[in-house]
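A short write-up of the structure that comes next.
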Amino acid sequence: MGGALGRALRSPRVLLALAMLVGIACCAIFAGTLAPHDPGDQNLLSILTPPAWADGGDPSYPLGTDSLGRDVLSRLIYGARTALLVALFASLGAMVIGAILAHIAGYFGGAIDWLIGRAVDVWMSFPPVILSLILMVGLGTGLSKVILAIVLVDWTRFCRVLRAEVLIVTRHDYVAAARLLGFTHWRTIVREIVPATTPLLITLLSLEMAIAVVVEAILSFVGLGVGADQPAWGQMIADARQYVYQSPWNLLLPILAIFLTVAAFNLLGDGLRRTLDVRLAETGR
Amino acid sequence: MILLVLELVARRLLAAIPILLIVSALLFCVLRLLPVDPAAMSLPPNATIEEVEAQRREMGLDKPLAQQYLIWLNAALHGDFGRSIALRRDAGSLVAATLPATIQLAACAMTIAAILGLGGGLLLFHLRGTALEPVADLVSILLLSIPEFLWGLILLFAFGVLLQWLPFIGQVSPGLPVPHVTGFLLLDALLVGRFDVFLSACQHLILPAFALGLAFSPTIMRVLRSSLFDIYLEDYIQQARLRGLSERQILIGHAFRNASLPTLTLAGVQFGILFSGTLLVEVIYSYPGMGNLMVDAVRNADLPLIQAIGLTYCIVVLLINTAVDGLYVVLNPKLRAR
Chain Z
6 MGGALGRALR
16 SPRVLLALAM
26 LVGIACCAIF
36 AGTLAPHDPG
46 DQNLLSILTP
56 PAWADGGDPS
66 YPLGTDSLGR
76 DVLSRLIYGA
86 RTALLVALFA
96 SLGAMVIGAI
106 LAHIAGYFGG
116 AIDWLIGRAV
126 DVWMSFPPVI
136 LSLILMVGLG
146 TGLSKVILAI
156 VLVDWTRFCR
166 VLRAEVLIVT
176 RHDYVAAARL
186 LGFTHWRTIV
196 REIVPATTPL
206 LITLLSLEMA
216 IAVVVEAILS
226 FVGLGVGADQ
236 PAWGQMIADA
246 RQYVYQSPWN
256 LLLPILAIFL
266 TVAAFNLLGD
276 GLRRTLDVRL
286 AETGR
Chain U
36 MILLVLELVA
46 RRLLAAIPIL
56 LIVSALLFCV
66 LRLLPVDPAA
76 MSLPPNATIE
86 EVEAQRREMG
96 LDKPLAQQYL
106 IWLNAALHGD
116 FGRSIALRRD
126 AGSLVAATLP
136 ATIQLAACAM
146 TIAAILGLGG
156 GLLLFHLRGT
166 ALEPVADLVS
176 ILLLSIPEFL
186 WGLILLFAFG
196 VLLQWLPFIG
206 QVSPGLPVPH
216 VTGFLLLDAL
226 LVGRFDVFLS
236 ACQHLILPAF
246 ALGLAFSPTI
256 MRVLRSSLFD
266 IYLEDYIQQA
276 RLRGLSERQI
286 LIGHAFRNAS
296 LPTLTLAGVQ
306 FGILFSGTLL
316 VEVIYSYPGM
326 GNLMVDAVRN
336 ADLPLIQAIG
346 LTYCIVVLLI
356 NTAVDGLYVV
366 LNPKLRAR
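Taken in order, these protein sequences are the chains called Z and U. My numbering puts the first residue of the first sequence at 6, with every later residue one more than the last. My numbering puts the first residue of the second sequence at 36, with every later residue one more than the last.
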């Protein structure tokens with residue numbers, strides 16, 4: 006595992022992705038000091054001003070203002086905080102539920118495996134976008150509600166993929182040896198199986214973060230996201246969509262922010278998959 | 036072989052029934068947990084408490100949840116999905132009126148995704164071992180990072196706003212009539228002989244269909260490429276080379292045909308997701324399909340309509356997956372022989 010981690014940190018993909026993510030995370034953590042304005046401050050005398058470098062731009066609003074005269078740069082920076090909070094907690098939550106059920110199903114097999122498998126089937130017959138919209142109707146808007154909705158929709162992604170991996174790992178001799186040594190089921194899972202499934206888990210976690218960023222943006226875009234008082238990239242897009250002719254920049258910037266964040270998580274996931282997965286790392290694909 | 040496919044499809048559809056029952060029950064429960072009162076919402080704001088109570092009884096909201104579900108299920112099986120609270124129309128007919136537009140969009144998008152995905156996959160494979168491979172690989176990952184939601188906005192921005200080549204609001208230009216025969220606008224325009232409407236509808240379909248197609252092609256691309264890699268390790272490729280076939284003949288005649296099977300399995304799952312992806316694209320382009328209806332219903336907490344649309348999405352996705360399974364048997368000789 007140590008060697009695999011070292012290999013991962015030498016991969017240019019992983020390094021590039023980490024550099025991007027550190028940058029975005031810095032925006033999110035130091036939003037208070039980095040943002041030139043309060044993201045909610047309205048200045049109705051200068052609405053839809055273009056970026057500072059364009060004609061009619063105002064240097065105090067480096068990337069211009071939106072339809073309520075709020076600073077676009079500040080909203081982008083605070084939006085990073087919203088996006089990363091959702092990405093982190095939603096994917097961790099989905100991972101915990103999915104991974105626990107996957108290990109139980111894959112390790113014990115039998116009726117419990119069947120039951121969890123059918124639950125996943127039913128869950129997945131709901132298109133994710135539709136399910137998350139319906140959940141948001143039930144839960145109401147807000148940051149924690151968005152996180153909960155994503156956890157409730159996406160635990161199946163972890164469960165399905167990990168279960169297959171647990172099935173393979175469980176058949177290994179060293180797992181049988183651990184049982185023969187008198188390990189309890191719980192100890193066998195934690196000490197012998199989880200370490201073997203961790204590389205896959207980390208990769209899935211990274212990919213899930215990318216998905217969570219998109220889902221948060223989508224929910225905020227349709228007005229069922231984190232709520233109006235919390236700046237979010239999806240909201241900025243919805244606002245800019247109405248004034249796209251007056252200020253195209255306002256549409257382009259949050260799109261770019263979402264793209265860069267999602268691309269960083271996907272690159273990280275892809276890089277980790279290539280380096281952490283021993284089978285893939287050996288074939289060089 | 037047709038018998039085999041029919042048998043498989045029938046088996047899949049039978050298996051779908053319990054899933055649909057559970058899905059509809061779940062849907063029903065989640066929506067009943069809402070802190071909104073459908074009875075009060077369906078009455079004017081000046082209704083008295085007694086009137087609301089009477090309405091609750093009439094709508095069956097005072098009964099236990101399980102009984103309410105059975106009543107709803109019984110009505111739904113008879114084609115009655117209840118009335119939309121906000122639009123005051125039959126929910127089933129609202130879905131029926133918007134579903135064709137969504138299917139039309141999804142079908143165009145699937146065609147585009149398949150063409151771009153297969154073409155791109157062959158290109159990616161063709162570039163293997165060349166200096167361009169890492170670049171193409173990176174580009175395909177970056178493309179994978181752009182969901183339909185962002186493609187919709189990017190295309191709208193580039194071709195609608197910046198270049199102003201294509202329209203991006205609605206499904207025909209304002210002022211043109213919308214003929215109603217089958218509900219599929221492209222077909223209807225041709226049926227009534229309005230080529231101007233047909234042309235306008237095509238133009239309006241280009242951006243949303245490409246937004247969806249572009250979002251779903253990279254996955255198909257990458258799976259085709261990796262299946263081709265696997266197949267080129269097989270002996271029969273070497274055999275074909277020894278027989279003197281050109282690389283092109285090997286790729287198209289032998290490798291591509293076999294690689295298309297795993298690709299199809301994945302594309303089936305993808306097409307199911309693509310169908311629900313129409314929702315966002317419809318919202319972005321104000322396209323009058325089921326997705327826009329759903330978002331409006333969700334914003335108005337219009338329970339009967341949300342239920343009807345949610346279930347329709349599930350049914351269509353299940354049908355798409357069944358159809359792909361059937362196609363898989365048609366294409367895979369190994370399954371046919373059994």
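Quick reminder that beta carbons are idealized off the backbone N, C-alpha and C, glycines included.
Closer than 7 Å to chain U by CB, residue i
{"i": "ASP118/Z", "result": "no"}
{"i": "ALA88/Z", "result": "no"}
{"i": "PRO132/Z", "result": "yes"}
{"i": "ASN271/Z", "result": "yes"}
{"i": "GLY289/Z", "result": "Here the model assigns GLY289/Z a pLDDT of 41, short of 50, so the residue's position is not dependable and the matter cannot be decided."}
{"i": "ILE139/Z", "result": "yes"}
{"i": "VAL166/Z", "result": "no"}
{"i": "PRO64/Z", "result": "no"}
{"i": "ALA30/Z", "result": "no"}
{"i": "PRO41/Z", "result": "no"}
{"i": "ALA268/Z", "result": "yes"}
{"i": "LEU21/Z", "result": "no"}
{"i": "ALA286/Z", "result": "Reliability fails at ALA286/Z, whose pLDDT of 49 lies under 50, so the model's placement of it is uncertain and no value is given."}
{"i": "ALA125/Z", "result": "It should be pointed out that residue 125/Z corresponds to Val in this sequence rather than to Ala. Judged by the 7 Å Cβ criterion, VAL125/Z is not in contact with chain U."}
{"i": "ILE223/Z", "result": "yes"}
{"i": "VAL77/Z", "result": "no"}
Start and end residues, alpha helix (DSSP H) containing residue i
{"i": "GLN47/Z", "result": "GLN47/Z -> no alpha helix (DSSP H), and no H or E assigned at all."}
{"i": "PHE160/U", "result": "126 to 161"}
{"i": "TRP254/Z", "result": "253 to 281"}
{"i": "GLY103/Z", "result": "77 to 113"}
{"i": "GLN102/U", "result": "100 to 112"}
{"i": "LEU78/U", "result": "Neither: LEU78/U is in no alpha helix (DSSP H) and is coded neither H nor E."}
{"i": "PHE291/U", "result": "291 to 319"}
{"i": "PHE116/U", "result": "Segment: none, PHE116/U is in no alpha helix (DSSP H) and carries neither H nor E."}
{"i": "LEU55/U", "result": "37 to 67"}
{"i": "ASP223/U", "result": "220 to 226"}
{"i": "TYR250/Z", "result": "Premise fails: TYR250/Z is in no alpha helix (DSSP H) and is neither H nor E."}
{"i": "ARG168/Z", "result": "148 to 175"}
{"i": "ASN380/U", "result": "Residue 380/U lies beyond the stretch modelled for chain U, which goes from 36 to 373, so this question has no answer here."}
Residue i at chain Z interface by Cβ criterion, 7 Å
{"i": "ARG373/U", "result": "Reliability fails at ARG373/U, whose pLDDT of 47 lies under 50, so the model's placement of it is uncertain and no value is given."}
{"i": "TYR363/U", "result": "no"}
{"i": "CYS349/U", "result": "yes"}
{"i": "ILE241/U", "result": "no"}
{"i": "PHE63/U", "result": "no"}
{"i": "ILE176/U", "result": "yes"}
{"i": "GLY345/U", "result": "yes"}
{"i": "THR357/U", "result": "no"}
{"i": "VAL352/U", "result": "yes"}
{"i": "ILE266/U", "result": "no"}
Sub-7 Å separation of residue i and residue j beta-carbons
{"i": "ALA85/Z", "j": "ILE29/Z", "result": "yes"}
{"i": "TRP186/U", "j": "ALA244/U", "result": "no"}
{"i": "ALA4/Z", "j": "PHE188/Z", "result": "With chain Z covering only 6 through 290, there is no way to say anything about residue 4/Z."}
{"i": "ASP337/U", "j": "SER119/U", "result": "yes"}
{"i": "SER321/U", "j": "GLY205/U", "result": "yes"}
{"i": "ILE19/U", "j": "ALA294/U", "result": "Residue 19/U is absent from the model: chain U starts at 36 and stops at 373."}
{"i": "PHE184/U", "j": "GLY195/U", "result": "no"}
{"i": "PRO55/Z", "j": "GLY61/Z", "result": "yes"}
{"i": "TYR83/Z", "j": "PRO44/Z", "result": "yes"}
{"i": "PHE310/U", "j": "ALA141/U", "result": "yes"}
{"i": "SER72/Z", "j": "ILE52/Z", "result": "yes"}
{"i": "GLY232/Z", "j": "GLY143/Z", "result": "no"}
{"i": "SER225/Z", "j": "ALA215/Z", "result": "no"}
{"i": "VAL258/U", "j": "THR313/U", "result": "no"}
{"i": "VAL316/U", "j": "LEU247/U", "result": "yes"}
{"i": "ALA104/Z", "j": "ILE121/Z", "result": "no"}
{"i": "SER96/Z", "j": "THR280/Z", "result": "no"}
Residue i - partner residues in DSSP beta bridges
{"i": "ASP270/U", "result": "Note: ASP270/U sits in no beta bridge, so no partner."}
{"i": "THR193/Z", "result": "The partner list for THR193/Z (beta bridge, DSSP) is empty, contrary to what the question assumes."}
{"i": "ARG123/U", "result": "Bridge partners of ARG123/U: none, in fact."}
{"i": "THR70/Z", "result": "ASP76/Z"}
Closer than 7 Å to chain C by CB, residue i
{"i": "ASP275/Z", "result": "Structure shown: chain C not included; protein chains present are Z and U."}
> Which full runs of the alpha helix (DSSP H) of 4+ residues lie inside the region 184 to 242 of chain Z, going along the chain?
Replying inline: 190 to 193, 199 to 226
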